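Just add 3 to wherever you are in the sequence shown, counting from 1, and you've got my numbering.
All C-beta atoms, glycine included, are put in the ideal place defined by N, C-alpha and C.
The model shown is predicted, which means the values in this text are computed figures rather than measured ones.
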Amino acid sequence: MLKIAKERTPVYFPVIYAAAHTGMRKSELIGLSWVNVDFTAGKFYIRQTITEANGKYFFNEIPKGEKPRGIRLTNKLIFLLEKLKEQNDRRKVILGESFNPRNLVFCNSKGSILTPAEISRALKRCLKAANLPDIRFHDLRHPMLPFC
(Lines of atoms letter the chains of each structure in order from A and count residues from 1; the text may use other names and numbers.)
(Lines give C-alpha, C1' and ligand atoms only; values in the text may rest on other atoms or scores of the structure.)
Protein backbone atom coordinates (compact mmCIF):
# COMPACT_ATOMS: atom_id res chain seq x y z
CA MET A 1 0.00 0.00 0.00
CA LEU A 2 2.83 2.41 0.80
CA LYS A 3 4.37 1.80 -2.63
CA ILE A 4 1.06 2.73 -4.25
CA ALA A 5 0.76 5.79 -2.01
CA LYS A 6 4.21 6.95 -3.14
CA GLU A 7 3.29 6.50 -6.81
CA ARG A 8 -0.29 7.80 -6.81
CA THR A 9 -0.37 10.41 -4.06
CA PRO A 10 3.18 11.78 -3.69
CA VAL A 11 1.99 14.84 -1.74
CA TYR A 12 0.27 12.63 0.86
CA PHE A 13 2.77 9.76 0.88
CA PRO A 14 5.05 11.27 3.56
CA VAL A 15 2.23 11.82 6.07
CA ILE A 16 0.74 8.36 5.41
CA TYR A 17 4.19 6.79 5.75
CA ALA A 18 4.87 8.69 8.98
CA ALA A 19 1.52 7.60 10.42
CA ALA A 20 2.18 3.96 9.59
CA HIS A 21 5.66 4.12 11.14
CA THR A 22 4.94 6.17 14.26
CA GLY A 23 1.31 5.58 15.24
CA MET A 24 0.80 9.35 15.53
CA ARG A 25 -2.63 10.93 15.25
CA LYS A 26 -3.54 12.85 12.11
CA SER A 27 -3.88 16.10 14.10
CA GLU A 28 -0.38 15.62 15.52
CA LEU A 29 1.17 14.92 12.12
CA ILE A 30 -0.40 17.84 10.28
CA GLY A 31 0.49 20.19 13.15
CA LEU A 32 4.13 19.10 13.21
CA SER A 33 6.67 21.80 12.37
CA TRP A 34 10.32 21.34 11.46
CA VAL A 35 11.50 22.86 14.75
CA ASN A 36 9.92 19.81 16.43
CA VAL A 37 11.95 17.31 14.41
CA ASP A 38 15.24 16.28 16.00
CA PHE A 39 17.22 14.41 13.36
CA THR A 40 20.12 13.80 15.76
CA ALA A 41 17.96 12.15 18.43
CA GLY A 42 15.71 10.56 15.80
CA LYS A 43 12.51 11.95 17.31
CA PHE A 44 9.42 14.04 16.66
CA TYR A 45 8.27 16.18 19.59
CA ILE A 46 4.54 16.79 19.79
CA ARG A 47 4.09 20.43 20.86
CA GLN A 48 0.95 21.29 18.92
CA THR A 49 -1.94 19.75 17.04
CA ILE A 50 -4.34 21.09 14.46
CA THR A 51 -8.11 20.97 14.77
CA GLU A 52 -10.75 22.01 12.28
CA ALA A 53 -13.99 23.83 13.01
CA ASN A 54 -16.32 25.27 10.38
CA GLY A 55 -13.66 25.03 7.67
CA LYS A 56 -11.02 26.88 9.71
CA TYR A 57 -7.89 25.37 11.17
CA PHE A 58 -6.62 26.05 14.67
CA PHE A 59 -3.21 25.28 16.12
CA ASN A 60 -3.47 23.99 19.67
CA GLU A 61 -0.36 24.17 21.83
CA ILE A 62 0.13 21.53 24.51
CA PRO A 63 -0.85 22.84 27.95
CA LYS A 64 1.79 24.69 29.97
CA GLY A 65 3.68 22.43 32.29
CA GLU A 66 3.21 19.37 30.09
CA LYS A 67 6.31 18.00 28.42
CA PRO A 68 6.23 17.50 24.67
CA ARG A 69 5.72 13.85 23.79
CA GLY A 70 8.72 12.35 22.00
CA ILE A 71 8.07 9.90 19.16
CA ARG A 72 10.89 7.65 17.99
CA LEU A 73 11.62 7.66 14.24
CA THR A 74 12.80 4.74 12.13
CA ASN A 75 15.89 5.17 9.97
CA LYS A 76 13.73 4.90 6.84
CA LEU A 77 11.44 7.65 8.11
CA ILE A 78 14.42 9.88 8.95
CA PHE A 79 15.72 9.41 5.39
CA LEU A 80 12.30 10.30 3.94
CA LEU A 81 12.08 13.38 6.19
CA GLU A 82 15.54 14.59 5.16
CA LYS A 83 14.47 14.42 1.50
CA LEU A 84 11.17 16.15 2.30
CA LYS A 85 13.02 18.95 4.15
CA GLU A 86 15.28 19.47 1.12
CA GLN A 87 12.21 19.69 -1.16
CA ASN A 88 10.50 22.16 1.16
CA ASP A 89 13.64 24.29 1.42
CA ARG A 90 13.95 24.41 -2.39
CA ARG A 91 10.29 25.39 -2.74
CA LYS A 92 10.73 28.16 -0.17
CA VAL A 93 13.64 29.59 -2.19
CA ILE A 94 11.53 29.53 -5.37
CA LEU A 95 8.18 30.64 -3.93
CA GLY A 96 9.44 32.95 -1.19
CA GLU A 97 8.27 33.53 2.35
CA SER A 98 4.65 32.81 1.43
CA PHE A 99 5.56 29.12 1.11
CA ASN A 100 4.75 27.23 4.29
CA PRO A 101 4.87 30.20 6.71
CA ARG A 102 4.30 27.91 9.73
CA ASN A 103 7.23 25.70 8.66
CA LEU A 104 5.06 22.56 8.72
CA VAL A 105 6.66 19.21 7.98
CA PHE A 106 3.70 17.98 5.95
CA CYS A 107 2.24 20.52 3.54
CA ASN A 108 1.10 20.63 -0.07
CA SER A 109 3.23 21.89 -2.97
CA LYS A 110 2.09 25.47 -2.27
CA GLY A 111 2.99 25.24 1.42
CA SER A 112 -0.59 25.03 2.69
CA ILE A 113 -1.91 22.74 5.40
CA LEU A 114 -2.82 19.21 4.36
CA THR A 115 -6.42 19.00 5.45
CA PRO A 116 -7.63 15.96 7.40
CA ALA A 117 -10.25 15.21 4.73
CA GLU A 118 -7.69 15.34 1.90
CA ILE A 119 -5.41 12.93 3.75
CA SER A 120 -8.26 10.50 4.43
CA ARG A 121 -9.34 10.57 0.77
CA ALA A 122 -5.75 9.93 -0.38
CA LEU A 123 -5.48 6.94 1.96
CA LYS A 124 -8.79 5.52 0.70
CA ARG A 125 -7.63 5.86 -2.95
CA CYS A 126 -4.41 3.99 -2.11
CA LEU A 127 -6.22 1.20 -0.30
CA LYS A 128 -8.65 0.78 -3.18
CA ALA A 129 -5.81 0.70 -5.74
CA ALA A 130 -4.01 -1.95 -3.65
CA ASN A 131 -7.23 -4.01 -3.28
CA LEU A 132 -6.97 -3.74 0.49
CA PRO A 133 -9.85 -3.42 2.95
CA ASP A 134 -11.07 0.08 3.69
CA ILE A 135 -9.68 1.45 6.95
CA ARG A 136 -9.68 4.83 8.64
CA PHE A 137 -6.50 6.90 8.90
CA HIS A 138 -6.72 6.37 12.65
CA ASP A 139 -6.31 2.63 12.06
CA LEU A 140 -2.72 3.28 10.93
CA ARG A 141 -1.96 3.73 14.64
CA HIS A 142 -2.31 0.01 15.21
CA PRO A 143 1.01 -1.85 15.13
CA MET A 144 1.90 -4.63 12.76
CA LEU A 145 -0.41 -3.69 9.92
CA PRO A 146 0.19 -6.21 7.14
CA PHE A 147 0.47 -3.62 4.35
CA CYS A 148 3.18 -1.41 5.90
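Reduced DSSP secondary structure (H/G/I, E/B, other) of residue i
i    : result
F109 : coil
I49  : strand
Y60  : strand
Y123 : Per the sequence shown, the amino acid found at residue 123 is Ser instead of Tyr. Three-state result, S123: helix.
E55  : strand
V38  : helix
I7   : helix
I116 : strand
L32  : helix
D137 : coil
Beta strand (DSSP E) segment containing residue i, residue limits
i   : result
I65 : Looking at the DSSP string, I65 is not in any beta strand (DSSP E), and its letter there is neither H nor E.
I74 : 72-75
Chain-order list of residues whose beta-carbon lies under 7 Å from that of residue i (same chain, five-residue window excluded)
i   : result
A21 : M27, L32, L80
Y60 : I53, I116
Residue interval of the alpha helix (DSSP H) (run including residue i)
i   : result
E22 : Reading off the sequence shown, one finds Ala at residue 22, where the question assumed Glu. Counting along the chain, the alpha helix (DSSP H) containing A22 begins and ends at 16-25.
N3  : Because the chain here runs from 4 to 151, residue 3 falls outside it and cannot be looked at.
E69 : Premise fails: E69 is in no alpha helix (DSSP H) and is neither H nor E.
Spatial neighbours of residue i in its chain, beta-carbon cut-off 6 Å, leaving aside the 5 residues before and after
i   : result
E10 : none
*Report yes or no: do the region 31-49 and the region 61-75 share at least 3 C-beta pairs separated by less than 8 Å?*
Segments in contact, yes.
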